[in-house]
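Using our numbering, you'd call the opening residue of the sequence shown number 44 and step up by one each time.
Note that CB positions come from ideal geometry on N, CA and C, so glycine has one too.
From a predicted model like this one, the values you see are computed outputs, not experimental measurements.
Presented below is the structure to which this report refers.
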Amino acid sequence: MKSQKVKMFRTASICLTIFLLGSMSVSITHAESYKTDGLISNGQGTDNLQFSGPCDIVIDSSDNLYIVEKWNNRIQHIASNGDFITKWGSSGNSNGSFSSPTGIAIDSSGNVYIADSINNRIEKFSSDGKYITNWGSWGIGNGQFKYPLDAAIDSSGNVFVADSGNNRIQEFNSDGTFINQWGQPGDGNGQLKNPSHIAIDSSNNIYVIDDNNRVQKFSSDGSFITQWGSYGTGDNQFKGPSGITVDSSDNVYVTDYNNNRIAKFDNNGNFIVKWGEQGSGNGQLGNPCGVAIDLSGNVYVSEFGNYRIQKFTISSDDVSVTTHSEQPAEQPTEQPTEQPTSETEDPNIVNYVITKITNIFSNDGDVTIDSNNNNITGNNNVTVEQIGDGSKNNLSLGIKIGLGGLIGVSIYTIWRKKEKK
Numbered sequence: 044m045k046s047q048k049v050k051m052f053r054t055a056s057i058c059l060t061i062f063l064l065g066s067m068s069v070s071i072t073h074a075e076s077y078k079t080d081g082l083i084s085n086g087q088g089t090d091n092l093q094f095s096g097p098c099d100i101v102i103d104s105s106d107n108l109y110i111v112e113k114w115n116n117r118i119q120h121i122a123s124n125g126d127f128i129t130k131w132g133s134s135g136n137s138n139g140s141f142s143s144p145t146g147i148a149i150d151s152s153g154n155v156y157i158a159d160s161i162n163n164r165i166e167k168f169s170s171d172g173k174y175i176t177n178w179g180s181w182g183i184g185n186g187q188f189k190y191p192l193d194a195a196i197d198s199s200g201n202v203f204v205a206d207s208g209n210n211r212i213q214e215f216n217s218d219g220t221f222i223n224q225w226g227q228p229g230d231g232n233g234q235l236k237n238p239s240h241i242a243i244d245s246s247n248n249i250y251v252i253d254d255n256n257r258v259q260k261f262s263s264d265g266s267f268i269t270q271w272g273s274y275g276t277g278d279n280q281f282k283g284p285s286g287i288t289v290d291s292s293d294n295v296y297v298t299d300y301n302n303n304r305i306a307k308f309d310n311n312g313n314f315i316v317k318w319g320e321q322g323s324g325n326g327q328l329g330n331p332c333g334v335a336i337d338l339s340g341n342v343y344v345s346e347f348g349n350y351r352i353q354k355f356t357i358s359s360d361d362v363s364v365t366t367h368s369e370q371p372a373e374q375p376t377e378q379p380t381e382q383p384t385s386e387t388e389d390p391n392i393v394n395y396v397i398t399k400i401t402n403i404f405s406n407d408g409d410v411t412i413d414s415n416n417n418n419i420t421g422n423n424n425v426t427v428e429q430i431g432d433g434s435k436n437n438l439s440l441g442i443k444i445g446l447g448g449l450i451g452v453s454i455y456t457i458w459r460k461k462e463k464k
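Rendered as structure tokens:
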């Protein structure tokens, strides 16, 4: 038998005793949960590390945070440990000043781009806040804006702007030269209603949220790909989505402003997990607005109503695997010589034994085991080896086994383990 490595965080080692014919594939999925892991919260105000209208947030390559404050008309630069680094900006329309800034993006060189909404322009700064350039004015022409609310940068350094009042997305190079634009008013596929925030994945696909309470996905040239979301409180619904970002696996995170929660999806819009409820306690949210992911997968959320930044990390309290077995019409003649361990606690499984499972961690993936002949007996090991760093969460493990001419076996394993404290 041969095995393929799964893109997982850390090591998941599964030893199965198999007495079946054909090939076996193992599919691993997960059901995550997140817990609060820190706050930057010194109340509302104008002092360092205080906030007024924290509207959007980005994280640089050193895991430092940049926060846009709509009402303070400034940017705060904060270290990952919560220490203040610097700030810049004031109210006005001169170079380097703002009038209700709402969106922020950062390029691969660390330059910072601000959507200066009332001034109808994009301003560009160095990583330490030195003014570089700006572009835009009020209007409907190419390169003009009606309340630009957000910006995002693709892998080529091009800048995409959510031009809210014009119901379109505009594309520029890093110096502000116009490249392209798309969008028109409406609620159909590819149409936009006051697009407010924008994110770009590793393939340069573009995700846009708007007042239609949905996420739309476009290719880099603006061609519509898919959309998800509607008004409501369900898993795939929103009440005023206000921020969006993608992680290193191209999962999509949306801040749901009036539902006071964060929702996570894969890049096709399939729901993964949500968390949060209204309140000001740890883990609760008060009108979440911006969202960003650091290099370790931690989630930072700016709370417009609570005047703070909250950090969330994947919960690592336990691992869950769920089990079901359908036997083939014809049973193998040999039976396992080992008994199920106390951790499996399932006496009904007669065609395999789980002898050990250790530390399953996050990320989706598949392991496939192919046989070189049609008679497989004995012990067969499935190992998911460490690729990168991450945090453990809840997983479900599905095993499907093909039996050649026999009826296929579908096995789901029920198993639960608490992490040792």
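{"Query": "Local Cβ density within 10 Å of G329, reported as buried at 16 or more and exposed below that", "Result": "buried"}
{"Query": "Span separating the alpha-carbon of N201 from that of T176", "Result": "15 Å"}
{"Query": "Spatial neighbours of Y300 in its chain, beta-carbon cut-off 6 Å, leaving aside the 5 residues before and after", "Result": "G283, S285 and N330"}
{"Query": "Nearest candidate by alpha-carbon position, reference G125, set S263, L108, W114 and N138", "Result": "L108"}
{"Query": "Collapsed DSSP secondary structure at S208 in the structure displayed", "Result": "First, the residue type needs correcting, since residue 208 is Gly and not Ser in the sequence shown. Helix, per DSSP."}
{"Query": "N-terminal and C-terminal residue of the beta strand (DSSP E) that A194 is part of", "Result": "P191 to I196"}
{"Query": "Rounded separation between I305 and G319 - CA only", "Result": "6 Å"}
{"Query": "8 Å Cβ cutoff met for L92 and I102", "Result": "no"}
{"Query": "Three CB pairs or more closer than 8 Å across the region 212-220 and the region 117-124", "Result": "no"}
{"Query": "Identity of the residue in F267, I161 and V289 nearest L338 by Cα", "Result": "V289"}
{"Query": "Nearest-angstrom Cα separation, counted from S160 out to K113", "Result": "9 Å"}
{"Query": "Nearest to K236 (by Cα), restricted to the options A242, S207, I128 and N247", "Result": "S207"}
{"Query": "Spatial neighbours of N349 in its chain, beta-carbon cut-off 6 Å, leaving aside the 5 residues before and after", "Result": "S323 and G329"}
{"Query": "G272 vs V295 beta-carbon contact at 8 Å", "Result": "no"}
{"Query": "As assigned by DSSP and simplified to three states, the class of I147", "Result": "strand"}
{"Query": "For L328, the first and last residue of its enclosing beta strand (DSSP E)", "Result": "That residue, L328, is in no beta strand (DSSP E); it is neither H nor E in DSSP."}
{"Query": "Anticipated Cβ contact below 8 Å, D90 with C332, distance rounded", "Result": "Actually they do not touch by this definition, with Cβ atoms about 20 Å apart."}
{"Query": "Residues sharing a beta bridge with Q213, DSSP", "Result": "V204 and Q224"}
{"Query": "Delimiting residues of the beta strand (DSSP E) encompassing T79", "Result": "Y77 to I83"}
{"Query": "Rounded C-alpha distance that separates D293 from G139", "Result": "33 Å"}
{"Query": "Integer Cβ distance of I157 from F141, believed to fall under 8 Å", "Result": "7 Å"}
{"Query": "Counted within 10 angstroms of its Cβ, other Cβ atoms place Q227 as buried (16 or more) or exposed", "Result": "exposed"}
{"Query": "Buried versus exposed call for G132 [16 or more other C-beta atoms within 10 Å across all chains shown]", "Result": "buried"}
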